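>
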Amino acid sequence: MYSFLKDLMELIVMIDTQIEMLCSLMQALYGYDAPVTKKPPGKTCNCLPKWCCCLCCCSRKNKKTKQKKTVKKSKQREASKQIHALENIEEGHSDSISQKSSEASQMKLEKKFGQSPVFVASTLLENGGGPRNAIPPSLLSEAIQVISCGYEDKTEWGKEVGWIYGSVTEDILTGFKMHCHGWRSVYCMPKQPAFKGSAPINLSDRLHQVLRWALGSVEIFLSRHCPIWYGYGGGMKWLERFSYINSVVYPWTSIPLLVYCTLPAICLLTGKFIVPEISNYAGVVFMALFISIAVTGILEMQWGGVGIDDWWRNEQFWVIGGVSSHLFALFQGLLKVLAGFSTSFTVTSKAADDGEFSELYLFKWTSLLIPPTTLLIINVVGVVVGVSDAINNGYDSWGPLFGRLFFALWVIIHLYPFLKGLLGKEDRMPTIILVWSILLASILTLMWVRINPFVSKDGPVLEICGLNCDD
Numbered sequence: 002m003y004s005f006l007k008d009l010m011e012l013i014v015m016i017d018t019q020i021e022m023l024c025s026l027m028q029a030l031y032g033y034d035a036p037v038t039k040k041p042p043g044k045t046c047n048c049l050p051k052w053c054c055c056l057c058c059c060s061r062k063n064k065k066t067k068q069k070k071t072v073k074k075s076k077q078r079e080a081s082k083q084i085h086a087l088e089n090i091e092e093g094h095s096d097s098i099s100q101k102s103s104e105a106s107q108m109k110l111e112k113k114f115g116q117s118p119v120f121v122a123s124t125l126l127e128n129g130g131g132p133r134n135a136i137p138p139s140l141l142s143e144a145i146q147v148i149s150c151g152y153e154d155k156t157e158w159g160k161e162v163g164w165i166y167g168s169v170t171e172d173i174l175t176g177f178k179m180h181c182h183g184w185r186s187v188y189c190m191p192k193q194p195a196f197k198g199s200a201p202i203n204l205s206d207r208l209h210q211v212l213r214w215a216l217g218s219v220e221i222f223l224s225r226h227c228p229i230w231y232g233y234g235g236g237m238k239w240l241e242r243f244s245y246i247n248s249v250v251y252p253w254t255s256i257p258l259l260v261y262c263t264l265p266a267i268c269l270l271t272g273k274f275i276v277p278e279i280s281n282y283a284g285v286v287f288m289a290l291f292i293s294i295a296v297t298g299i300l301e302m303q304w305g306g307v308g309i310d311d312w313w314r315n316e317q318f319w320v321i322g323g324v325s326s327h328l329f330a331l332f333q334g335l336l337k338v339l340a341g342f343s344t345s346f347t348v349t350s351k352a353a354d355d356g357e358f359s360e361l362y363l364f365k366w367t368s369l370l371i372p373p374t375t376l377l378i379i380n381v382v383g384v385v386v387g388v389s390d391a392i393n394n395g396y397d398s399w400g401p402l403f404g405r406l407f408f409a410l411w412v413i414i415h416l417y418p419f420l421k422g423l424l425g426k427e428d429r430m431p432t433i434i435l436v437w438s439i440l441l442a443s444i445l446t447l448m449w450v451r452i453n454p455f456v457s458k459d460g461p462v463l464e465i466c467g468l469n470c471d472d
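Numbering (my numbering), first residue to last: 2 to 472.
1) If we cut at 9 Å on Cβ distances, does V119 have a partner in chain D?
2) Does the beta-carbon of S186 have 16 or more other beta-carbons within 10 angstroms, so that it is buried, or is it exposed?
3) If we ignore side chains and look at the alpha-carbon of each, how far apart do A215 and P138 end up?
4) Measure how close the beta-carbons of G217 and T170 come, nearest whole angstrom, since I'm counting them as under 8 Å.
5) I'd like to check one pair, L335 with A266: are the Cβ atoms closer than 9 Å?
6) Once DSSP output is grouped into helix, strand and coil, what is the label at C189?
7) Rounded to whole angstroms, what's the CA-CA distance from R213 to H182? Just pull it up for me.
8) According to DSSP, is W230 helix, strand or coil?
9) What does the alpha-carbon distance come out to for the pair D354 and F196?
10) Between which two residues does the alpha helix (DSSP H) carrying N281 extend?
11) Does the region 410 to 421 come within contact of the region 288 to 296, defined as at least 3 CB pairs closer than 8 Å?
12) Shortest alpha-carbon distance to F318 belongs to which of Y282, R207 and G198?
13) Which word fits E220, buried or exposed, when buried means at least 16 other C-beta atoms lie within 10 angstroms of its C-beta?
14) Got a sec, what are the start and stop residues for the alpha helix (DSSP H) R314 sits in?
15) Grouping DSSP H, G and I as helix and E and B as strand, with all else coil, what is L223?
16) With distance defined between alpha-carbon atoms, name the residue in V381, C262 and T374 nearest to L420.
17) Considering Cα atoms alone, identify which of I145, H209 and P118 is closest to L370.
18) Is it the case that the CB of F114 approaches a heavy atom of the ligand SAM more closely than 8 Å?
19) With L240 as the anchor, note down where its alpha helix (DSSP H) starts and where it stops.
20) Can you look up A195 in the DSSP assignment and give me helix, strand or coil?
21) If you pair each beta-carbon of the region 316 to 333 with each one of the region 243 to 256, do three or more pairs fall below 8 Å?
22) Provide the residue span of the alpha helix (DSSP H) that contains T175, from first to last.
23) In terms of residue numbering, what span does the alpha helix (DSSP H) encompassing S326 cover?
24) Please say whether Y233 and R225 have beta carbons closer to each other than 9 Å?
25) In three-state DSSP terms, what is T367?
26) So, with DSSP's three-state summary, where would you put W253?
27) Once you ignore the five residues that flank F177 on each side, which residues in its own chain have a CB closer than 6 Å to its CB?
28) Quick one: what's got a C-beta closer than 7 Å to Y152's C-beta in the same chain, skipping five residues either side?
29) Is it buried or exposed for M190, if we count other Cβ within 10 angstroms and need 16 for buried?
30) Could you give the DSSP three-state label for A200: helix, strand or coil?
31) Given I309, which residues of its chain have a CB within under 7 Å of its CB, disregarding the five upstream and five downstream residues?
32) Measure the CB-CB distance between C262 and L416 and report whether it falls below 9 Å.
33) Assuming G387 and L269 form a contact by the criterion Cβ under 8 Å, report the distance between their Cβ atoms to the nearest whole angstrom.
34) Taking its Cβ as the centre, do 16 or more other Cβ atoms sit within 10 Å of P194, making it buried, or is it exposed?
35) Going along the chain, which residues of its own chain have a beta-carbon closer than 7 Å to the beta-carbon of V338, five neighbours each way excluded?
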């Protein structure tokens with residue numbers, strides 16, 4: 002038993018030395034600001050008139066004299082403070098003063114390194130490590146306490162070393178803080194992958210992973226570390242700031258995306274169009290915007306070395322995750338930050354070998370599947386209703402129908418992989434998903450018919466209609 006504890010303690014000491022090395026490196030990364038490069042000397046004023054040079058030189062001299070005066074005043078204040086401190090020391094008792102100073106230093110060390118006395122004592126040693134007369138079980142309990150997640154709370158050590166917490170996606174927050182201190186990142190993409198990892202292969206697990214990422218972005222957006230208003234003056238480039246803003250704002254796009262995916266079905270069901278008839282100029286502007294988005298996607302594919310199939314799958318899953326995971330993350334983040342309701346999450350299961358691919362077609366119930374299925378059912382029903390209405394009304398109604406069908410089919414094409422994933426290997430949709438989606442689609446349709454925003458609430462004017470109320 003003693004040999005086992007001895008081996009365990011040697012392992013803990015080895016891990017402790019590695020952690021100390023890592024902590025020193027991490028402290029050098031974002032515990033301090035990045036080294037500022039010396040700027041080249043500014044332009045001289047040889048090309049300016051002499052009176053301008055005199056004004057410039059006078060202003061510089063005035064600034065230097067002001068800086069010297071402030072430095073002298075600060076030094077005088079520090080000297081006066083030290084003199085007062087020496088006077089107080091001479092007046093007091095040496096024993097009480099030494100006791101208070103030791104208590105103050107102990108409190109200062111605990112505030113900096115935490116409440117572990119063994120860990121605080123190890124910081125006072127020259128080469129680190131634990132005390133020699135310590136018992137292995139006590140060292141083990143202290144090591145467990147120090148490596149716990151809550152040990153570094155409200156300590157200077159926790160702020161300078163380790164990850165920056167306060168969000169589910171602490172990697173984004175840590176990188177943002179490092180860049181705010183002036184550090185730069187280098188994009189490295191070797192031919193042979195430097196790191197390989199496994200991803201969730203089940204639809205429900207994948208949506209939960211996207212939900213966790215989006216929830217972390219909402220938490221950062223609603224915190225004081227939001228890139229919109231935090232970290233100015235630290236040397237961060239504007240493109241970097243825009244990238245971080247995009248990484249915390251994207252869950253909010255789920256609201257307009259949900260509206261966009263719902264309106265085409267409503268237009269087909271009601272026979273109306275949300276926007277009025279557009280002119281040729283507006284049509285050209287819309288096509289130019291659509292082409293610019295397509296060109297941006299092509300440039301992204303060329304830069305990232307991604308094929309068109311992978312790019313299109315990414316676009317499809319962006320719509321699926323936007324109307325499900327991003328929308329849920331938005332409401333959960335608002336409840337967590339504003340109302341204080343904590344949301345728990347589980348780490349998504351990932352396939353590590355070929356034996357776990359059996360979960361590919363395994364259905365796992367989650368409420369994230371309801372909104373995409375509802376939108377899919379509404380748009381399919383809208384297409385059927387619109388086509389049948391055009392067949393009944395004749396050829397003239399086919400012209401306005403094409404615009405509505407284009408948007409509805411565009412939504413269906415984006416949600417088609419979701420339907421294919423729901424059907425799975427057995428070619429059937431789960432009953433609970435189908436029931437909830439049909440129920441929600443029926444409720445939304447009845448509410449729209451009841452509200453009917455396209456009809457005036459005052460009703461038509463009878464005189465305009467040709468009816469005489471006096472007769």
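All C-beta atoms in this analysis are idealised placements derived from N, C-alpha and C, irrespective of residue type, glycine included. Predicted model only: the values in this text are computed from it and were never measured.
On the basis of the data shown:
1) Looking for chain D here will not work: only one protein chain is present.
2) exposed
3) 42 Å
4) 3 Å
5) no
6) coil
7) 27 Å
8) coil
9) With a pLDDT of 49 at D354, under the threshold of 50, the predicted position of this residue should be treated as unreliable, though the coordinate-derived value follows. Near 16 Å, if we compare the C-alpha coordinates of F196 and D354.
10) N281 to G305
11) no
12) R207
13) buried
14) I309 to G323
15) coil
16) T374
17) H209
18) Annotation note on the ligand SAM: not contained in the displayed structure, which lists no ligands.
19) W239 to V250
20) coil
21) yes
22) E171 to C181
23) S326 to L335
24) no
25) coil
26) helix
27) Y245
28) G115 and Q146
29) exposed
30) coil
31) M302
32) yes
33) 4 Å
34) exposed
35) E220 and L223
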